[in-house]
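Asker: Quick note, the sequences are listed as chains D and X, same order.
The numbering of the first sequence is this note's numbering, which starts it at -1 and goes up by one.
The numbering of the second sequence is this note's numbering, which starts it at 3 and goes up by one.
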Amino acid sequence: MEGDAVNSVRLCKTYHSKDAIEALKDVNINVSRGELFTLLGPNGAGKTTFLRIIATQLLPTGGDAMVLDHNVVSEAEEVRKHIAVVPQDVATYNNFTPWEYAYYFARLRGIRASDAKPKAEQALRAVDLWELRNRICQTLSGGEKKRAIIASVLSSDADVLMLDEPTSGLDAVARRAVWSALRELVRNGKTILLTTHMMEEAEMVSDRLAIVNKGSVVASGRPDEIKGLVKEKFRVVISGDFSQLSSYAEVAKLGDRSIVYVKTQDEAIDLLKATLKMNLRAEASPVTLEDVFVKMVGGLNNHENQ
Amino acid sequence: MRISKIVRDTLIIAWIKSYPDFRRNPLFLLLITMISSIPLFFIMIFNSGGNMIVHGLIGAMVSSVGFVGVMAGIQDISWDRYVKIREMIVAMPVHPASYALGIALAPLLVSIPSLIFFGALIAALGFMTLETLTWTILSLVITWAAMSTLGFMISTYLLKSSMMVLSNLSNLLGIGLIFIPPVYYSEAQLGGLSWLSIIIPTSNAAGLIRSHMGLLALSAENVIVRWAVLIAMTVVFIVLTSVKAKWREN
């Protein structure tokens, strides 16, 4: 749609190696300006392929994709002026400091030296690395290195940021620092396209998200809308051997625990009462994004669907 | 993209790639000088007279730019691909030429201290005039271009090889192109096979420098042919690399 930050129409990508592998099949995604959009999917779903095409790193085999109304194939040079990318599993130059990452990558984007310095400082403060700015990356932890790379993107002043699993390998505190920085950028009008397989991350930071599986979009919308796509609205986690499991349609068995999915709050309460009578431990809550995700990508069957 | 932006980005990338060595790894600069000096020790020990030391110093200069040139082309690019910095740069408003030139320029900057050291020794021995200095710089710059693009070409054609294979290959190439052919010694010692030195950029450049310093007798036509071969090989390497190299993947 015209005016979107990112827009793909029937985007396809087939890798031709020994066998043809369809990584993307007719993917339609639109990301509005100033929103944080997440691609959520299992490993190998096609998230990175999509991101790399949008980031002008990889050519599609079909369909169209636009970034800020510029075609990613025919106007790649124009697209690159507006984007900044953190690839998956990116590593650092060990003898570089976070300051050098933030400053020189800003300079490479054409930002003048006098402007690059405050932007680098702002970016390093945003990811809580200002105090460590002059330490070489070799002496930083894995999370600090990752944040140094993220700072190099934040200092770029790009309109659309694309981050491929930016928080993988980070501890909870570092992860939240990154989330906070990303949401702050969105508040300042930036658009962010993120990929992740972490449900908590997708739910916490996304304005909207798309669930991608086997190269296709299986659902998209706000996190609450996605959760509303399944009939079962509540989950009851039961510890121990619950004899009435077979009377429920949606059950995921996790060793000695079972997750039973029910449609209404009343059903959840009835189930809790039944388990209490049997002296079993049980806990009810609304379904999570992970429950919906597992159901949509067919993972429930992997857990002895009853 | 404006030329000024391409030039500026080239310099930034060269600086990014070389500045940490200048600032934090000065031993690396010493290492380049030392590696290039190793044959000089043997020349001094087994000095058979004449101008063997000057021959060796010329070889050391060619080695300084040649060894790091081929290493940069292969190792830096494969390393950037491994750490995915290259992917980040592809998605930036940076021209591919800036990236290639910046990567190639960085080792040249790093080898400048050793070039100055060897050049000063040659001057102290009375073989460096303004004219020979000009020819020497020209030969070294073309050798650097040839060796860097050779490295680029190899890393481009061996895109899927592992870091370890590429690293070993770059070391083998460095040794094969610098220590075996007549780079440290005069090609006159090869007798009837001296023409072989023309087809290897490093020994060709060393021969040209020797010729301009009066250490090797070459006819004017021969000098022109050798310059033409050196430049032509560099152009071929550039064309072969640019045909295969892809900034964006298919």
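Ideal Cβ positions, reconstructed from N, Cα and C, are used throughout, including at glycine.
Bear in mind that the values here come from a model prediction, so they are computed numbers and not experimental data.
When we look at the beta-carbon of V295 (chain D) and count the other beta-carbons within 10 Å, is it buried (16 or more) or exposed?
Answerer: Residue numbering aside, residue 295 (chain D) sits at position 297 when the first sequence is read from its first letter. With 16 or more other Cβ atoms within 10 Å, it is buried.
Asker: Hey, K19 (chain X) and I105 (chain X): beta-carbon distance below 9 Å or not?
Answerer: Along the second sequence, read from residue 1 onward, the residue named residue 19 (chain X) stands at position 17. Along the second sequence, read from residue 1 onward, the residue named residue 105 (chain X) stands at position 103. Contact: yes.
Asker: To the nearest whole angstrom, what separates the beta carbons of D2 (chain D) and N28 (chain D), a pair I think is in contact under 8 Å?
Answerer: Start at 1 with the first residue of the first sequence, and residue 2 (chain D) comes out as number 4. Start at 1 with the first residue of the first sequence, and residue 28 (chain D) comes out as number 30. Right, the Cβ-Cβ distance comes to about 5 Å (below 8 Å), so this counts as a contact.
Asker: So, is D222 (chain D) buried or exposed, given that buried needs 16 or more other C-beta atoms within 10 angstroms?
Answerer: Taking the first residue of the first sequence as 1, we reach residue 222 (chain D) at position 224. Exposed, because fewer than 16 other Cβ atoms sit within 10 Å of the Cβ of D222 (chain D).
Asker: I want to see whether chain D comes within less than 9 Å of M94 (chain X), judged by CB atoms only; does it?
Answerer: As a working mapping, residue 94 (chain X) is identified with position 92 in the second sequence. So yes, M94 (chain X) belongs to the interface.
Asker: With 7 Å as the C-beta to C-beta threshold (strictly closer), list the residues of the region 24 to 35 of chain X near chain D in chain order.
Answerer: Listed by position, the residues of the region 24 to 35 of chain X near chain D (Cβ gap below 7 Å) are R26, N27.
Asker: Which partner residues does T12 (chain D) have in the DSSP bridge list?
Answerer: Position 14 of the first sequence, counted from the start, is the residue given in the question as residue 12 (chain D). D:E20, per the DSSP bridge assignment.
Asker: Using a beta-carbon distance below 9 Å, is P96 (chain D) in contact with chain X?
Answerer: Here residue 96 (chain D) refers to the residue found at position 98 when the first sequence is read from its first residue. Chain X contact via Cβ: absent.
Asker: Check the Cβ-Cβ distances between S150 (chain D) and every residue of chain X, and say whether any is below 9 Å.
Answerer: For the purposes of this step, residue 150 (chain D) is taken as residue 152 along the first sequence, with counting starting at 1. For S150 (chain D), the answer is yes, since a Cβ of chain X falls inside 9 Å of its Cβ.
Asker: Helix, strand or coil for Y259 (chain D) per DSSP?
Answerer: As a first step, residue 259 (chain D) must be located in the first sequence, where it is residue number 261. In this structure, Y259 (chain D) counts as strand in the three-state DSSP scheme.
Asker: Helix, strand or coil: how does DSSP classify F35 (chain D) here?
Answerer: Residue 35 (chain D) sits at position 37 when you count from the first residue of the first sequence. Reduced to three states, the DSSP call for F35 (chain D) is strand.
Asker: Using Cβ-Cβ distances below 8 Å, what residues of the region 62 to 93 of chain X are close to chain D?
Answerer: For the region 62 to 93 of chain X, which is checked against every Cβ of chain D, the residues closer than 8 Å are Y84, V85, K86, I87, E89, M90, I91, V92, A93.
Asker: Report the option in X:I202, X:I114, X:M73 whose CA atom is closest to the CA atom of N173 (chain X).
Answerer: Here residue 173 (chain X) refers to the residue found at position 171 of the second sequence. Per the Cα distances, X:M73.
Asker: Under three-state DSSP, which class holds E129 (chain D)?
Answerer: Translated into the one-based positions of the first sequence, residue 129 (chain D) becomes position 131. Three-state DSSP puts E129 (chain D) in a helix.
Asker: Using the three-state DSSP reduction, which class does L40 (chain D) fall into: helix, strand or coil?
Answerer: Numbered from its first residue, the first sequence carries residue 40 (chain D) at position 42. Reading off the sequence, residue 40 (chain D) comes out as Pro, not Leu. Correct three-state label for P40 (chain D): coil.
Asker: How would you call D17 (chain D), buried or exposed, if buried means at least 16 neighbouring beta carbons within 10 angstroms?
Answerer: The residue given as residue 17 (chain D) occupies position 19 in the first sequence. So D17 (chain D) counts as exposed.
Asker: Spatial neighbours of I200 (chain X) within its chain, please: CB distance less than 7 Å, with the 5 preceding and 5 following residues excluded, ordered by chain position.
Answerer: By one-based count along the second sequence, residue 200 (chain X) stands at place 198. Taken in chain order, the residues that qualify are N206, R228, V231.
Asker: Whole angstroms are fine: how far does the CA of D239 (chain D) sit from the CA of R255 (chain D)?
Answerer: Taking the first residue of the first sequence as 1, we reach residue 255 (chain D) at position 257. Taking the first residue of the first sequence as 1, we reach residue 239 (chain D) at position 241. R255 (chain D) and D239 (chain D): Cα-Cα distance of roughly 8 Å.
Asker: Does any residue of chain D have a CB that is nearer than 9 Å to the CB of K7 (chain X)?
Answerer: By one-based count along the second sequence, residue 7 (chain X) stands at place 5. Chain D, which has a Cβ nearer than 9 Å to the Cβ of K7 (chain X), makes this yes.
Asker: For I190 (chain D), name the three-state secondary structure that DSSP assigns.
Answerer: As a working note, residue 190 (chain D) is residue 192 in the first sequence. Looking at I190 (chain D) - three-state DSSP - the assignment turns out to be strand.
Asker: Can you give me, in chain order, the residues of the region 161 to 195 of chain X that have a beta carbon less than 8 Å from any beta carbon in chain D?
Answerer: Cβ contacts with chain D: none found.
Asker: Which ranges would you report for the alpha helix (DSSP H) in the region 72 to 124 of chain D if only whole runs of at least 4 residues count?
Answerer: 74 to 78, 96 to 106, 111 to 124, all fully within the region 72 to 124 of chain D.
Asker: Less than 9 Å between CB atoms is the rule here; does T273 (chain D) satisfy it with respect to chain X?
Answerer: By 1-based counting over the first sequence, the position of residue 273 (chain D) is 275. Not closer than 9 Å to any Cβ of chain X, the Cβ of T273 (chain D) fails to qualify, so no.
Asker: Closer than 8 Å, Cβ to Cβ, to anything on chain X: give me those residues from the region 89 to 119 of chain D, in chain order.
Answerer: Those would be A89, T90, Y91, N93, F94, E98, Y102, F103, R105, L106, R107, G108, in chain order.
Asker: In or out: Y102 (chain D) buried (at least 16 other Cβ within 10 Å) or exposed?
Answerer: In the first sequence, residue 102 (chain D) corresponds to position 104, counting from 1. Buried: at least 16 other Cβ atoms inside 10 Å.
Asker: Any idea if M276 (chain D) is buried or exposed, counting beta-carbon neighbours within 10 angstroms, 16 or more meaning buried?
Answerer: Walking along the first sequence from the start, residue 276 (chain D) turns up at place 278. With fewer than 16 other Cβ atoms within 10 Å, it is exposed.
Asker: Grab me the residues of I202 (chain X)'s own chain with a C-beta within less than 7 Å of its C-beta, minus the 5 sequence neighbours each way, in chain order.
Answerer: The sequence position of residue 202 (chain X) within the second sequence is 200, counting from 1. So the qualifying residues of the chain are L179, P183.
Asker: Within the 9 Å Cβ cut-off, does P115 (chain X) reach chain D?
Answerer: By 1-based counting over the second sequence, the position of residue 115 (chain X) is 113. It does not; no Cβ of chain D falls within 9 Å.
Asker: Where does N300 (chain D) land, buried or exposed, given buried means 16+ other C-beta within 10 angstroms?
Answerer: For the purposes of this step, residue 300 (chain D) is taken as residue 302 along the first sequence, with counting starting at 1. Residue placement at N300 (chain D) is flagged as unreliable, the pLDDT there being 39, under the threshold of 50; a coordinate-derived value is accordingly withheld.
Asker: Less than 9 Å between CB atoms is the rule here; does N299 (chain D) satisfy it with respect to chain X?
Answerer: By one-based count along the first sequence, residue 299 (chain D) stands at place 301. Only weak support is given to the placement of N299 (chain D): the predicted model assigns it a pLDDT of 43, under 50, and the value that follows is read from those uncertain coordinates. Not one chain X Cβ lies under 9 Å of N299 (chain D).
Asker: Quick check: the Cα distance between W137 (chain X) and I211 (chain X), rounded to an integer number of angstroms?
Answerer: Residue mapping note: residue 137 (chain X) aligns to position 135 of the second sequence, counting from 1. Residue mapping note: residue 211 (chain X) aligns to position 209 of the second sequence, counting from 1. If I take the Cα positions, the gap works out to 7 Å.
Asker: Determine whether the Cβ of I18 (chain X) lies closer than 9 Å to any Cβ atom of chain D.
Answerer: Your numbering for residue 18 (chain X) matches position 16 in the second sequence. At least one chain D Cβ lies under 9 Å of I18 (chain X).
Asker: May I ask you to report which of helix, strand or coil DSSP gives P28 (chain X)?
Answerer: In the second sequence, counting from the first residue as 1, residue 28 (chain X) sits at position 26. Of the three classes helix, strand and coil, the one that applies to P28 (chain X) here is helix, per DSSP.
Asker: Taking C-beta pairs closer than 8 Å, name the residues in chain D that I14 (chain X) reaches, listed in chain order.
Answerer: For the purposes of this step, residue 14 (chain X) is identified with residue 12 of the second sequence, where counting begins at 1. Within chain D, the residues near I14 (chain X) are Y102, R105, L106.
Asker: According to DSSP, simplified to helix, strand and coil, what is I134 (chain D)?
Answerer: Taking the first residue of the first sequence as 1, we reach residue 134 (chain D) at position 136. Coil, per DSSP.
Asker: Count the other C-beta atoms from every protein chain shown that fall within 10 angstroms of the C-beta of I233 (chain X), then say buried if there are 16 or more, exposed otherwise.
Answerer: In the second sequence, residue 233 (chain X) corresponds to position 231, counting from 1. It is exposed - the Cβ of I233 (chain X) has fewer than 16 other Cβ atoms within 10 Å.
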